[in-house]
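4 protein chains.
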Amino acid sequence: MAQRGRKKGSDGELSRALLLRIAADEFAEHGYYETKISNIVKKANVTQPTFYLYFKSKEAIFQELEELFRKKLACLTIDSRLEEGLDEQALPERIAGGLIGVFHFFTEHPSLGKIGFYLSPSAADTKAAMAAQIEDNLLSEVEAGYFHQNVDMSIVANGLVGMIDQLTVAKLWTGKNTADELAKEIVAIVLNGLKK
Amino acid sequence: MAQRGRKKGSDGELSRALLLRIAADEFAEHGYYETKISNIVKKANVTQPTFYLYFKSKEAIFQELEELFRKKLACLTIDSRLEEGLDEQALPERIAGGLIGVFHFFTEHPSLGKIGFYLSPSAADTKAAMAAQIEDNLLSEVEAGYFHQNVDMSIVANGLVGMIDQLTVAKLWTGKNTADELAKEIVAIVLNGLKK
Amino acid sequence: MAQRGRKKGSDGELSRALLLRIAADEFAEHGYYETKISNIVKKANVTQPTFYLYFKSKEAIFQELEELFRKKLACLTIDSRLEEGLDEQALPERIAGGLIGVFHFFTEHPSLGKIGFYLSPSAADTKAAMAAQIEDNLLSEVEAGYFHQNVDMSIVANGLVGMIDQLTVAKLWTGKNTADELAKEIVAIVLNGLKK
Amino acid sequence: MAQRGRKKGSDGELSRALLLRIAADEFAEHGYYETKISNIVKKANVTQPTFYLYFKSKEAIFQELEELFRKKLACLTIDSRLEEGLDEQALPERIAGGLIGVFHFFTEHPSLGKIGFYLSPSAADTKAAMAAQIEDNLLSEVEAGYFHQNVDMSIVANGLVGMIDQLTVAKLWTGKNTADELAKEIVAIVLNGLKK
DNA sequence: GATGAATGAGCGTTCATTCAT
DNA sequence: GATGAATGAACGCTCATTCAT
């Protein structure tokens with residue numbers, strides 16, 4: 001009954017969600033500055049004032065999307081910490097599991113991923129936070145005896161973030177590799193190295 | 001008499017170089033869109049038309065900087081290929097040498113680095129090109145017997161690019177690590193892995 | 001209540017029409033290049049962005065005015081074709097009628113006339129089109145037996161266009177002659193010639 | 001001896017004449033506003049300051065060209081007055097002679113013609129002056145008994161100017177008719193009219 | 001006579017944002 | 001909740017013109 005007679009896109013929350021989704025795609029495709037509010041509202045079939053009913057400003061909607069990304073990513077990163085008591089056999093697979101989660105997220109939300117990881121001025125911060133979390137994980141894992149301590153774990157963590165970053169752009173989003181493949185390879189490299 | 005050597009065009013080239021340098025810094029600091037020509041010329045102590053005496057447009061000067069970056073980077077990447085006949089002892093150091101070159105470049109030209117690697121819409125292409133070059137190097141090195149072949153070298157190459165990328169931002173430009181340290185750590189990780 | 005009839009878009013159309021009218025006058029008075037958008041909007045009491053709400057560009061509004069002129073002129077020219085079965089007595093008056101129509105149009109819309117006939121880069125085309133239409137009329141009229149065929153009707157047609165052109169500028173718009181006088185004189189000249 | 005070692009276009013008067021000629025063509029082709037001094041000097045192989053050595057301003061060079069046109073045209077118009085004592089036989093040919101002179105001038109100096117007759121803001125004045133001169137001629141010719149007096153000679157004169165104008169653009173410069181053809185047709189029309 | 005370098009002045013256009021309804 | 005209309009504030013760019021040499 002609350003919905004009777006509604007034109008498409010004119011329910012409050014619906015409009016908001018629609019705008020948010022369209023904005024994400026537009027930002028991802030054209031970048032922040034080349035994305036025009038006028039375009040977003042056109043695609044959402046609403047007028048410009050309607051946009052400002054739901055979002056304070058262009059920057060605000062962008063930051064909202066950013067925040068969305070950051071939260072989801074943080075969850076994934078935290079979840080990827082290895083539990084104690086794993087046998088050596090299972091180690092690689094467990095590590096890969098965490099990476100797969102991240103890659104899956106990037107596969108399913110490419111727009112959000114582009115915004116939070118590449119477009120946003122605070123992408124560096126986001127990556128730093130991710131690295132910090134990973135470092136944390138690694139340190140526990142060293143303590144748990146999984147890894148040796150001959151390397152600076154902060155550097156390893158940032159290295160991993162960088163690998164995820166570049167492989168997402170160059171391999172995942174281009175369709176050249178799947179999340180599983182990438183995860184497996186990263187594990188292979190970082191765990192055993194290249195040396196014969 | 002001190003100026004006798006300056007023939008025609010000399011002052012012009014100076015102005016041009018000045019604008020180019022300032023533009024690089026401005027773009028690096030504020031990004032493409034928030035960089036205003038009016039600001040660049042103000043800092044260069046010239047008027048706006050002077051800018052257009054030397055550059056066709058805002059986009060043109062940006063692309064010129066991009067190109068500058070790409071060329072220097074390509075040189076460095078090519079130079080980092082390992083020559084044949086290295087003994088196993090020298091291997092890590094030689095690999096690190098190539099990385100150090102890249103990190104030094106980023107240290108000495110941070111503005112150019114930001115432009116070409118982070119700001120430019122074609123940054124992804126640049127990184128892809130770098131990865132391709134590194135992959136090339138790696139494949140020769142596999143053939144030369146330096147590395148085993150259990151991993152996809154394209155993924156390794158992209159991973160390395162990602163590591164360089166993230167470590168530059170998070171460690172090099174923040175002053176937390178030197179080029180040498182980063183290079184050594186990367187070598188340690190990628191050559192031997194983390195496994196105990 | 002007086003305004004009840006004005007539904008959505010009504011004020012917008014008003015602004016648009018106002019801008020169009022003012023622009024016509026400005027273009028006519030100062031020419032294309034010396035006409036500034038800033039001046040048009042000032043006279044219309046709106047801001048510059050409002051202008052761009054209704055017109056794509058300065059060139060676009062100019063072309064719209066041009067087109068307006070061309071269409072009205074084409075109607076008038078077509079309407080001035082003589083119907084068949086006129087007796088010789090009525091001929092001069094009928095011909096004059098067509099000319100009067102054109103001159104009236106130029107009297108009532110001098111700005112449009114200046115734009116379409118003098119300022120526009122395509123004025124030559126417009127005149128050529130008018131001449132072609134007149135030639136068409138003349139040829140039917142020759143066939144109908146009104147005129148002899150000793151002259152090239154394309155030249156006559158262009159000659160008439162030229163006369164209309166110059167007399168409009170030199171006589172009509174200066175107030176030295178009325179539309180009726182000019183029409184009558186043209187008829188007298190072109191029908192009978194000057195020879196004693 | 002005065003000429004030894006000169007580079008092309010660097011003799012004072014030569015440069016001036018060259019600039020004048022190129023400017024005429026540029027103005028004729030692109031109109032006043034779309035003609036850029038930078039372009040003129042480029043085509044003349046001189047620098048911008050050199051231009052200002054010879055001409056006070058863009059407007060000044062344009063006006064100089066205008067003046068050139070006006071003077072030559074005035075001569076031609078004056079020369080076309082019919083001398084007394086012509087027999088009726090020779091009349092059409094003599095009148096045509098004057099017109100041919102004008103058309104020849106337009107054929108040989110199209111750039112100048114475009115400038116003085118179409119581009120210049122004072123084109124209307126120039127045409128008015130020409131019309132006045134023609135009217136003068138016509139009045140003497142009426143007095144000499146060549147023409148009847150049933151028409152307003154000022155209107156005839158302006159009509160002739162208009163015909164010349166339009167036929168020059170539409171027939172002469174397009175190559176559709178020669179000066180002689182146009183002159184003959186105009187005479188035929190204006191002397192005898194179209195009526196059967 | 002000629003030039004390399006530079007500029008004052010200005011214009012068209014864009015876009016996020018807001019009022020009045 | 002939604003809209004038609006309007007705007008403030010910039011910004012990139014152009015071009016005729018002029019120094020200093």
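Chains as they are written, first to last, in the UniProt record's numbering: chain W, 1 to 196; chain L, 1 to 196; chain H, 1 to 196; chain G, 1 to 196. Ideal Cβ placement from N, Cα and C applies to all residues, glycine included. From a predicted model like this one, the values you see are computed outputs, not experimental measurements.
Alpha-carbon to alpha-carbon, residue j and residue i
i	j	result
residue 149 of chain G	residue 66 of chain H	39 Å
residue 161 of chain W	residue 115 of chain L	21 Å
residue 132 of chain G	residue 77 of chain G	10 Å
residue 251 of chain W	residue 152 of chain W	Residue 251 of chain W lies beyond the stretch modelled for chain W, which goes from 1 to 196, so this question has no answer here.
residue 71 of chain W	residue 47 of chain W	30 Å
residue 126 of chain W	residue 111 of chain W	16 Å
residue 174 of chain W	residue 119 of chain L	20 Å
residue 140 of chain H	residue 74 of chain H	17 Å
residue 50 of chain W	residue 39 of chain W	13 Å
residue 122 of chain L	residue 35 of chain W	18 Å
residue 136 of chain G	residue 157 of chain G	9 Å
residue 88 of chain L	residue 176 of chain W	33 Å
residue 37 of chain L	residue 59 of chain L	11 Å
residue 109 of chain L	residue 28 of chain L	10 Å
residue 93 of chain G	residue 155 of chain H	18 Å
residue 128 of chain H	residue 41 of chain L	50 Å
residue 195 of chain L	residue 86 of chain L	26 Å
residue 14 of chain H	residue 104 of chain H	26 Å
residue 12 of chain H	residue 52 of chain W	22 Å
residue 178 of chain H	residue 57 of chain L	55 Å
Cβ shell of residue i (< 6 Å), same chain only, five flanking positions each side left out
i	result
residue 61 of chain H	23, 55
residue 44 of chain H	18, 19, 22
residue 80 of chain W	98
residue 113 of chain G	106
residue 130 of chain L	77, 161
residue 16 of chain L	54
residue 30 of chain L	none
Beta-carbon proximity check, residue i vs residue j, cutoff 8 Å
i	j	result
residue 186 of chain H	residue 163 of chain H	yes
residue 169 of chain H	residue 124 of chain G	yes
residue 190 of chain W	residue 189 of chain L	yes
residue 172 of chain H	residue 106 of chain H	yes
residue 193 of chain L	residue 159 of chain W	no
Cross-strand partners of residue i (DSSP beta bridge)
i	result
residue 51 of chain L	Answer is none; residue 51 of chain L lacks a bridge partner.
residue 147 of chain L	W:195
Residue i beta carbon near the ligand ATP (any heavy atom closer than 7 Å)
i	result
residue 134 of chain W	Inclusion of the ligand ATP in the displayed structure is not the case, the ligand content being empty and no account of it being possible.
For residue j and residue i, believed in contact at Cβ under 8 Å, the rounded distance
i	j	result
residue 165 of chain G	residue 100 of chain G	So it is not a contact: roughly 16 Å between Cβ atoms.
residue 91 of chain G	residue 146 of chain G	6 Å
Close beta carbons around residue i, own chain, < 7 Å, minus the five adjacent residues each side
i	result
residue 96 of chain W	183, 184, 187
residue 167 of chain L	182
residue 25 of chain W	111
residue 32 of chain H	62, 119
Contacts around residue i, its chain only, beta-carbon distance under 8 Å, and the 5 residues preceding and following it disregarded
i	result
residue 64 of chain L	20, 55
residue 2 of chain W	Any reading at residue 2 of chain W is ruled out, since the residue's pLDDT is 40, under 50, leaving its predicted position unreliable.
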